[in-house]
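Here's what the structure looks like:
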C-alpha cells in the first residue's frame, strides 16, 4: 500500500502533464487553422471584388458603399482604401502573427514521403515566352488573362449600351467609345498595379508566408509588369486617339485640372513607365544592364505622378500594395547603410571570386538563400544578387558567396582583390579601404525544402553549383551532428566548360564537417567538361597550387538582421506601427488641413496621400527600426565571444592554403566525362530504375537552356506514369535580374 500511495501522485502528475500538452497542441492547431482560414477568406473576397468589379451587382454594392460613407471622416478615399487596399495590409499583419507563432515548429515531411504530383513542382510549359511554367503558375496566368479579357468584354458591352441610346453621330460615338474604354483600361491597370508591387518586395512577409522565393517572385513581377504597362499604354493610346479625333490633343495632354483627372501628370507617369518597360526587355537588359538598372529607379516618378494624375481616392485602389513596397524598400535602405566586413577574399584561377562576409549570430537563413551585394568602390547604386555558398551550420559569424567573373562589375572587383593579394606587405587598414561592401538579405525560402526529399537530384551549370555547396554542407553537418534529416540519396550533375572549374569542389571541407559521410549518405557527383575532349593534367585533376589571399579584415562589423530572415516580431511591429501611423497622419491631415482649408484639388490630395504613406514609414517606422537595431546589437553582443575568434581562426587556416588532401574530399564520389553534355533522358531513366516509386526533388541552377532541358525531362518522366517509377519535382534556383 505504501508503494502504491507513493506512486500515485507521480502518475497523476504525468497525466496532468500529458493532458496539458495535448490541450496545448489542440489549441495551437485550432489557432493555426483560424488564422490561416481568416487570411484565405479575406484574400478570396478581395480578389473576387476585383474580378467581379465590372458586374452590375458589384457596381451597385460599390455605389451604395460610396454613398453611405461619403460623409464619414475619411470620405470616399477611406471607403475605397478600406475595400481594396486594407485587405492586403490585414493579411500582411495576420501573416506576421502566423509566421511568428508557428514557423518554429518541426518541419512536416510526411507529405513528401508519399509520391504524388504537386501543382508547384510539375512543369507544364517548358518552351515559350514565359520560360518554365509550373501547373500552379499556369493557373495564375490563365486567371489573370481571364480577368483582363472578361473585364474588357464587360466594359465594352456596358459602353455600347450607354452609347446606343444617345442621338450623336458615328464619329462622336467612336470618340466617346474610345474615351470610355481608355478610362476603363486605366482602372484595370490600377488593379494589376495592386499585384505588381507585391512580388518585388524582397523581404515581404507575404512571400515568406507563401514560401515563394524572390527569384520566382521576380518572374511574376516581370510578367505583371508587361501586362500592366501594356494596359496603361492602351489606356493612354485610346485617350490620345480620341483627343486627336476631337482636334484637341495638345490641349488635353497639357491639361492639369484641379477637379477631375489631371492629364499632364498621367503623361509624365506613363512616360516613366514606358522607359522602364522598354529598358527591362530581355535583349536590352542583357546587353545594357546598367541602363536597365538606373532607368528602373524611375518607379518613384511613376508612382508619385500616378497619384497626382488620379487623385487620392482612385489611387487608393492600389495603395495597399504600394505601401507594403515602401515599407520593404525603407527597411532594405536601412539595412544597406551598414558597411559589412569582408572577412576574407579569394581569387581562384578558374575565374571565380570567393568572399566571406561577417554576419551576426542571430541572423538565420536557409541553404538556397541569396544576398544582394554592393561594393561602393565600383558603384553606389548597383546591387547584384549572388547565391550563398555556405550552409548556415558552417558558422554563426560568417557567410560565403562565390562570384563568377563575367561582366565589367565583377572584373573590377577581381582587380581590387588581386591588388590586395599582390601587396601582402600593406597593413590591414590600407587593405580594408579597398572594399566597402554592403549587403541586403539574405532572402530565400522560409522552409528548407531541400531537407524534405529523401532523394535529391541537383543539376548545375558552371557557377550554378554554388548554392548546391550550401545544400551539401547543410546535409553533411546534420549527418555529423546526428540531427534528423531526410535526404539519403543525392546525385549531382554538374556541367562545366573547362577543367579549371573543378577546383571549386575544394570549397567544401568535407573532412572537417563529416569525415565518414559515405557511411551515412549516398552521394554521387557526375561532372561533364564540355569544351575539353581529354584532361589537361593527369587523372583530370586541376592542381591549384596558388594560395588564397590573407583575410582583408577580422573585426566585428556584421550585416544587419533587418531584412530577409529578420526578427519576425520586430518586423511585424514595424509594419503594424507604420500602418497605424499612416492612418493617423492622413486623419490629422483631413482634420487640420484639408477640411478647414477646403482643399478640393484631386492632384494635390493625391500628393498629400502619398506623402502621408512615406512620412509614416520614415518617422514611426524609423523609430521601430532604431529600437530594433538596439535590441539586435545587444542580443548579438551577448551571443558573441570566443566563438567568433575561434571561427575566424578556422577561416584563416582554411583560406591560407588548400592542400591536395583537402581537394580530395569529394573526388572519391566524382566521375568526370570529357567532351560531352549530360544526356538527361539517360540520367533520369537510370535514376528512376534505381530509386523506384518515390518523390525525387530536382533542383536546377543554371542558364535558361539547362532549365528548359531539365524541366522537359521531368515532365516527360512524370507523364509516362510508370507505377514503379519516381515522381520528379522540378524546382528552379535560377533567376535573371
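Numbering (our numbering), first residue to last: -19 to 717.
Here a beta-carbon is modelled for each residue, glycine too, at the ideal position from N, C-alpha and C.
Note that this is a predicted model, so its numbers are computed, not measured.
Thinking C-beta only, is residue 705 closer than 7 angstroms to residue 101? No, the pair does not count as a contact, with Cβ atoms beyond the cut-off.
With the cut-off set at 7 angstroms, would you say residue 687 and residue 712 are in Cβ contact? yes
Extent of the continuous alpha helix (DSSP H) to which residue 676 belongs: Looking at the DSSP string, residue 676 is not in any alpha helix (DSSP H); the run it does join, the beta strand (DSSP E), is 675 to 681.
Assess, as a yes-or-no matter, whether the segment 599 to 608 is touched by the segment 546 to 560 under the definition of 3 or more beta carbon pairs within less than 8 angstroms. yes
Backbone secondary structure at residue 702 - three-state DSSP: coil
With a 10 Å radius around its C-beta and 16 neighbouring C-beta atoms as the bar for buried, classify residue 215 as buried or exposed. buried
Could you say which of 126, 95, 82, 81 lies nearest to residue 672 if we only look at CA atoms? 95
Could you tell me whether the Cβ atoms of residue 271 and residue 259 are closer together than 7 angstroms? At the C-beta level, residue 271 and residue 259 come within 7 angstroms of one another.
Since residue 353 sits in a beta bridge, which residues does DSSP pair it with? 364, 419
Can the beta-carbon of residue 163 be found less than 7 angstroms from the beta-carbon of residue 221? no
DSSP puts residue 103 in a beta bridge; with which residues? Bridge partners of residue 103: 114.
Considering only DSSP beta bridges, list what residue 223 is partnered with. Paired residues: none, contrary to the question.
Expressed to the nearest angstrom, what Euclidean distance is found between the alpha-carbon atoms of residue 714 and residue 299? 31 angstroms
Within 7 angstroms, strictly: CB atoms of residue 73 and residue 556: yes
Where DSSP assigns a beta bridge to residue 710, which residues make up the other side? Paired residue(s): 678.
Going by other Cβ atoms of all chains shown within 10 Å of its Cβ, with 16 needed for buried, is residue 263 buried or exposed? exposed
According to the Cβ coordinates, are residue 148 and residue 70 closer than 7 angstroms? no
Counting beta carbon pairs with one atom in the segment 373 to 392 and one in the segment 331 to 341, are three or more of them shorter than 8 angstroms? Between the segment 331 to 341 and the segment 373 to 392 there are three or more C-beta pairs closer than 8 angstroms, enough to call the two in contact.
Relative to the alpha-carbon of residue 241, which residue among 274, 196, 293, 132 has its alpha-carbon at the smallest distance? 293
Unbroken stretches of the alpha helix (DSSP H), 4 residues or longer, contained in the segment 257 to 291: 262 to 267, 269 to 275
Should residue 117 be labelled buried (16 or more other beta-carbon atoms within 10 Å of its own) or exposed? buried
Decide if residue 596 is buried, meaning its Cβ has at least 16 other Cβ atoms within 10 Å, or exposed. With 16 or more Cβ atoms within 10 Å of its Cβ, residue 596 is classed as buried.
Using the Cβ count rule (16 or more neighbours within 10 Å means buried), how would you classify residue 189? buried
Starting from the C-beta of residue 437, find all residues in its chain whose C-beta is less than 6 angstroms away, skip the five residues before and the five after it, and write them out in chain order. 471, 676, 678
From residue 407 to residue 20, what distance separates their C-alpha atoms? With a pLDDT of 48 at residue 407, under the threshold of 50, the predicted position of this residue should be treated as unreliable, and no value is reported.
Residue 348 and residue 447 closer than 7 angstroms at C-beta: Between residue 348 and residue 447, the gap from beta carbon to beta carbon is short of 7 angstroms.
Taking only runs that begin and end inside the segment 650 to 674, name each unbroken beta strand (DSSP E) of 3 or more residues, in chain order. 650 to 654
Which of helix, strand or coil does DSSP assign to residue 578? Per DSSP, reduced to three states, the secondary structure at residue 578 is coil, with no helix or strand assignment.
Select from 165, 265, 615, 563 the residue whose C-alpha is nearest the C-alpha of residue 590. 563
Okay, do the segment 385 to 399 and the segment 349 to 360 touch, 3+ Cβ pairs below 8 angstroms being the bar? At 8 angstroms Cβ cutoff, the stretches touch.
Less than 8 angstroms between the CB atoms is what I'm expecting for residue 579 and residue 573, so what's the real figure, rounded? The distance from the Cβ of residue 579 to that of residue 573 is about 7 angstroms, consistent with a contact at the 8 angstroms cut-off.
Can you tell me which of the three DSSP states residue 215 falls into? Residue state for residue 215 is assigned as helix, using DSSP reduced to three classes.
Quick check on the burial criterion: 16 or more other C-beta atoms within 10 angstroms. Buried or exposed for residue 24? exposed
Below 6 angstroms CB to CB, which residues in the same chain sit around residue 697 once its five sequence neighbours on both sides are set aside? 664, 708
For the putative contact between residue 720 and residue 60, defined by C-beta atoms under 8 angstroms, what is the C-beta separation to the nearest angstrom? The requested residue 720 is not part of the displayed model; the chain covers only -19 to 717.
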